[in-house]
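Top to bottom, those sequences are chains A and B. Under my numbering, the residues of the first sequence are numbered 74 to 184, in order. Under my numbering, the residues of the second sequence are numbered 87 to 202, in order. A virtual CB, placed ideally from N, CA and C, is assigned to each residue, including glycine.
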Amino acid sequence: DAKTTQPNSMESNEEEPVHLPCNHSTISGTDYIHWYRQLPSQGPEYVIHGLTSNVNNRMASLAIAEDRKSSTLILHRATLRDAAVYYCIPKTQGGSEKLVFGKGTKLTVNP
Amino acid sequence: GAVVSQHPSRVICKSGTSVKIECRSLDFQATTMFWYRQFPKQSLMLMATSNEGSKATYEQGVEKDKFLINHASLTLSTLTVTSAHPEDSSFYICSARAGQGNEKLFFGSGTQLSVL
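Structure follows, in structure tokens:
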């Protein structure tokens, strides 16, 4: 499994954009980059995933570096409900279905 | 969206007893489910992969005789913590993939196990 490096914690203010970085320099060419988040005392929830192109959905945007060694999850307008631990997980498409979680980034959103 | 229901959400038991946790996919069939354990302020640790109709695949270091996994149907997997001890106290979470070719995993809300 590709190794990831994420900041332990980040802080943001409500209504402001948040950029959560992830380094995955050992990612293989077939690995998709998945992002999940875990709110306090809950199971994780899917946020977004992509391979090479930037991706957008109703929750967030995912910007993937051209060399694919890093990516950034973008929350366009943080809300208090976005306070969670965010996990960046490289995963082989169609390969082992399991997700291996790293330490993630704990995002604090200030009112 | 797909829903994974996990029950109970919280359980307290005495040392030496066994505890069963259920994980159900409510609106889809899950041929594979996953069980994770999470200690306070730590990340999720994968315990095992549960395959419908066959034996579970355990991660290295996880005792299969202690953590019994049964996946008898396409919508239900159970984890039984046998002869629980205080060190088994943890947050247990299940997950399932919503269909073939769908890369998303959906997670249950977790079970907080406290062993006295």
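{"query": "Measure the C-alpha to C-alpha separation of phenylalanine 125/B and lysine 190/B and round it to an integer number of angstroms.", "result": "24 angstroms"}
{"query": "Mind checking the region 98 to 114 of chain A against chain B and listing, in chain order, the residues whose C-beta falls within less than 9 angstroms of any C-beta there?", "result": "Tyr105, His107, Tyr109, Gln111 and Ser114"}
{"query": "Compute the beta-carbon to beta-carbon distance between threonine 77/A and proline 184/A, rounded to the nearest angstrom, for a pair I have assumed lies under 8 angstroms.", "result": "Wrong, their Cβ atoms sit about 30 angstroms apart, outside the cutoff."}
{"query": "Restricting to runs no shorter than 3 residues, where is the beta strand (DSSP E) found entirely within the region 91 to 175 of chain B?", "result": "96 to 99, 105 to 111, 118 to 124, 131 to 137, 153 to 159 and 162 to 167"}
{"query": "Grab me the residues of leucine 112/A's own chain with a C-beta within less than 6 angstroms of its C-beta, minus the 5 sequence neighbours each way, in chain order.", "result": "Ala157"}
{"query": "For the pair the region 104 to 115 of chain B and the region 161 to 175 of chain B, tell me if three or more CB-CB distances fall below 8 angstroms.", "result": "yes"}
{"query": "For the region 94 to 103 of chain B against the region 150 to 159 of chain B, are there 3 or more C-beta pairs whose distance is under 8 angstroms?", "result": "no"}
{"query": "Just to confirm my understanding: we take asparagine 96/A, look at its own chain, exclude 5 residues before and 5 after, and list those with CB closer than 7 angstroms. What are they?", "result": "Thr77, Thr78, Lys142 and Ser143"}
{"query": "Using 8 angstroms as the limit for Cβ to Cβ distance, is arginine 183/B near chain A?", "result": "yes"}
{"query": "Is the beta carbon of histidine 107/A closer than 8 angstroms to that of histidine 122/A?", "result": "yes"}
{"query": "Once the 5 residues before and after leucine 160/B are set aside, which same chain residues still bring their CB inside 7 angstroms of it?", "result": "Gln115, Ala116, Thr117 and Glu138"}
{"query": "What separation, rounded to the nearest whole angstrom, lies between the Cα atoms of tyrosine 122/B and alanine 182/B?", "result": "11 angstroms"}
{"query": "Starting from glycine 177/A, find everything on chain B with Cβ-Cβ shorter than 7 angstroms and list it in chain order.", "result": "Ser129"}
{"query": "Using beta carbons (cut-off 8 angstroms, strictly below), is tyrosine 159/A in contact with chain B?", "result": "no"}
{"query": "Check this for me: beta carbons of glutamate 118/A and phenylalanine 193/B, under 8 angstroms apart or not?", "result": "yes"}
{"query": "Beta-carbon separation of serine 176/B and glycine 175/A under 8 angstroms?", "result": "no"}
{"query": "Find out if the Cβ-Cβ distance for the pair leucine 180/A, aspartate 155/A is shorter than 8 angstroms.", "result": "yes"}
{"query": "Mind listing the chain B neighbours of leucine 135/A? Cutoff is C-beta to C-beta under 7 angstroms, in chain order.", "result": "Near leucine 135/A there are no residues of chain B at all, since even the closest Cβ is about 13 angstroms away, more than 7 angstroms."}
{"query": "Rounded to a whole number of angstroms, what is the C-alpha to C-alpha distance between methionine 132/A and histidine 149/A?", "result": "9 angstroms"}
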